[in-house]
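A short write-up of the structure that comes next.
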Amino acid sequence: MSLKSDVKDGLYDVLENVKIHRARHAEITKFKDPKRKSILSDVELSSEQMRAIDKFYVENYGRKIPYTWHRHNLAISGKFDVRFFPELLFIPEFERYMNMPVAYATVFEDKNLLPLFAERAGVRTPRPIVTSTSGVLRNSDFKEISKETALNLIDNCGACFAKPTVGTCSGEGCGSYCFASGVDAATGTTAEELFELLGSDFTVQEVISCHSSVAKLHPESVNTLRIMTYRWQGELRSLPLLMRIGRGKSAVDNAHAGGMFIGISNEGLLAPSALTEFNDRFEKHPDTGVVFQGYKIAGVPGAIDAAKRMHSLMPQMGLISWDFTIGEDGAPIVIEANIRGGSIWLSQMANGIPGFGDATAEILQWLRFMNNLAPHERLKYKFGYKDLG
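Each step along the sequence shown adds one to the number in our numbering, with nothing skipped, and position 18 is 11.
Structure representation (structure tokens):
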């Protein structure tokens, strides 16, 4: 190898190790939050449970892990299983190694690309009225337009939903509007002020009309299915599903934004109770009174299939967290594809089962293999493989 390659690899290794360290530190720091500390204080692992965790992780991952995440799962789900996958290893390692190199993730997380993939996969997505990518404005046909034309499209568009398309999470910057004569009825915001607020990368979309089984839960928000698909040794798999449901007057359903989440079967049956991020628990929706036990959401099998079809169009990515809802006719509508910061804790706690199930040991063994490589060498091994064949 040349000196130039050695230097390049060395710099990559240093930067990658710093980023992984920061990601791990971020997961540890979350448990300094008083609310999370309070949740942990409600439960202690037995000596037998701690020995079982140590044995499982030493055998498969190569070393012990802190008990924090198993305690957290036990406190919220009420269930113990050594196979519960800690967030400490999910975002810093599994997600990162599955979605290398990160340059691909940066591209695919641009929400203005999603309609192009959706169309190719035969999956519906909210119709854009105006989009902006790096300041380039386009109409619903993705034709470039002037700012004047873009403003005219918004001025009397009626109900719409606007959101940034790059670098956001948990519904940050999203909002519902209703424009007439260039002004939003609720806030008095003008179309031009909205563009300034959203920046250079955004979409203004038509409002989604959800299936009655979805809308009935909380009509004020678009309630969504979180479907996490991952590519493992040539097969596309999915983690246990969850549904996110809004509360109060919020137009977004994200757990971090005050919404609730609930486990849901692949056939569409909701779990008996919904949770919030800090373990508030509901057997029925506090606003609508809908009882969760036995409640069925239409179109869930079709949404799982649609997520896998779309993932197949992004072979560079090993792990994608999809947000879907169900349209009035029962067909799936894809809303977002999240490439980074997907998290596994929502899936595990909502369903009370390990996210990877029986595959947990194999996945930990792969992480052990990857961790023993120099960071630049990891780029050669993806999706669970340990050889270059």
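Idealized CB from N, CA, C, for every residue including glycine. Just so it is clear, the structure is predicted and the values come from calculations on it, not from any experiment.
- Helix, strand or coil for residue 50, going by three-state DSSP, please let me know. In the displayed model, residue 50 falls within a helix according to three-state DSSP.
- Query: Can you tell me whether residue 237 is buried or exposed, with buried defined as 16 or more other CB within 10 angstroms of its CB?
  - Reply: Counting Cβ neighbours within 10 Å, residue 237 comes out buried, since at least 16 surround it.
- Ordered list of alpha helix (DSSP H) runs contained in the segment 121 to 189, each at least 4 residues: For the segment 121 to 189, the continuous alpha helix (DSSP H) assignments of 4+ residues that do not extend past its boundaries occur at 140 to 148, in sequence order.
- residue 76 versus residue 228: straight-line alpha-carbon distance, rounded: Each residue's Cα considered, the two are about 21 Å apart.
- Message: In the DSSP output, what is residue 196 paired with across the bridge?
- Response: BP columns for residue 196 point to 124 and 156.
- Item | Secondary structure, alpha helix (DSSP H): runs of 4+ residues fully inside the segment 57 to 128 | Entirely contained in the segment 57 to 128, the alpha helix (DSSP H) runs reaching 4 residues are, in chain order, 61 to 70, 95 to 101 and 107 to 114.
- Task: Just grab the DSSP bridge partners of residue 284 for me.
- Result: As computed with DSSP, residue 284 is found in a beta bridge with 277.
- Query: Whose C-beta lies closer than 8 Å to the C-beta of residue 36 among residues of the same chain, with five residues either side of it excluded?
  - Reply: Spatial neighbours of residue 36 in its own chain (CB-CB distance under 8 Å, excluding positions within 5 residues in sequence) are listed in chain order as 64, 67 and 68.
- Item | Start-to-end residues for the alpha helix (DSSP H) that takes in residue 303 | From DSSP, the alpha helix (DSSP H) with residue 303 extends over 293 to 305.
- Query: Where does residue 313 land, buried or exposed, given buried means 16+ other C-beta within 10 angstroms?
  - Reply: Residue environment analysis places residue 313 among the buried positions, since at least 16 neighbouring C-beta atoms fall within 10 angstroms of its C-beta.
- Measure the alpha-carbon distance for residue 335 versus residue 108 and round it to whole angstroms. For residue 335 and residue 108, the distance between alpha carbons rounds to 20 Å.
- Got a sec, what are the start and stop residues for the alpha helix (DSSP H) residue 314 sits in? First-last for residue 314: 312 to 319, but that is the beta strand (DSSP E), not the alpha helix (DSSP H).
- Task: Please go through the same chain and pick out, in chain order, the residues whose beta-carbon is closer than 7 Å to the beta-carbon of residue 5, but skip the five residues on each side of it.
- Result: So the list reads 368 and 369, once near-sequence residues are dropped.
- Query: How about residue 54 and residue 339: are their beta carbons less than 8 Å apart?
  - Reply: Against a cut-off of 8 Å, the Cβ pair of residue 339 and residue 54 comes out as no contact.
- Message: Going by C-alpha to C-alpha distance, which of 212, 195 and 194 sits closest to residue 417?
- Response: Since the first residue of the chain shown is -6 and the last is 382, residue 417 is not available in this structure.
- With a CB to CB cut of under 6 Å and the five nearest residues on each side skipped, what residues in its chain are close to residue 345? 70 and 72.
- Task: Give me the Cα-Cα distance between residue 60 and residue 253, rounded to the nearest whole angstrom.
- Result: So the two alpha carbons sit approximately 26 Å from each other.
- Message: Quick check on residue 111: buried or exposed, where buried means 16 or more other Cβ atoms within 10 Å of its Cβ?
- Response: Result: buried.
- Message: At 4 residues or longer, what runs of the alpha helix (DSSP H) sit wholly inside the segment 2 to 37?
- Response: Qualifying alpha helix (DSSP H) stretches, in chain order: 27 to 34.
- beta strand (DSSP E) containing residue 228: first to last residue? Note, residue 228: beta strand (DSSP E), 228 to 231.
- Query: Per DSSP, residue 225 is paired with what?
  - Reply: For residue 225, which the question treats as bridged, DSSP gives the partners 228.
- Task: From the DSSP output, in three-state form, read off residue 260 for me.
- Result: Correct three-state label for residue 260: coil.
- Message: Spatial neighbours of residue 175 within its chain, please: C-beta separation below 7 Å, excluding the five flanking residues on both sides.
- Response: Here residue 175 has 148, 183 and 184 as same chain residues with Cβ atoms under 7 Å from its own Cβ, once five neighbours each way along the sequence are excluded.
- Message: Let's test the definition: count the other Cβ atoms within 10 Å of the Cβ of residue 8 and tell me whether it reaches 16, buried, or not, exposed.
- Response: Residue 8 counts as exposed, since fewer than 16 other C-beta atoms from the protein chains shown sit within 10 angstroms of its C-beta.
- Query: CB residue 222 to CB residue 359, shorter than 8 Å?
  - Reply: In this structure, residue 222 keeps its C-beta atom at 8 Å or more from the C-beta atom of residue 359.
- Message: So, for residue 295: in the same chain, excluding its five sequence neighbours on each side, which residues have a beta-carbon less than 7 Å away from its beta-carbon?
- Response: Same-chain partners within the cutoff: 324 and 325.
- Are at least three pairs of beta-carbons, each pair with one atom in the segment 186 to 206 and one in the segment 153 to 162, less than 8 Å apart? Verdict: yes, contact present.
- By how many angstroms is the C-alpha of residue 84 removed from the C-alpha of residue 355? Each residue's alpha carbon lies about 17 Å from the other.
- Return the chain-ordered list of same chain residues with a C-beta closer than 7 Å to the C-beta of residue 129, the five sequence neighbours on each side being excluded. Cβ neighbours of residue 129 beyond the five flanking positions: 137.
- Task: Can you tell me which of the three DSSP states residue 347 falls into?
- Result: Three-state DSSP puts residue 347 in coil, outside helix and strand.
- Message: Taking 6 Å as the limit between beta carbons, can you name the residues of its chain near residue 263, skipping five residues before and five after?
- Response: By the criterion of a C-beta distance shorter than 6 Å, residue 263 is surrounded in its chain by 255, 257, 285 and 288, once the five residues flanking it on both sides are discounted.
- Query: Is DSSP giving residue 352 helix, strand or coil here?
  - Reply: In the three-state DSSP reduction, residue 352 falls in the helix class (H, G or I).
- Backbone secondary structure at residue 330 - three-state DSSP: Strand.
- Query: Span of the alpha helix (DSSP H) holding residue 371?
  - Reply: Looking at the DSSP string, the run of the alpha helix (DSSP H) that includes residue 371 is 368 to 371.
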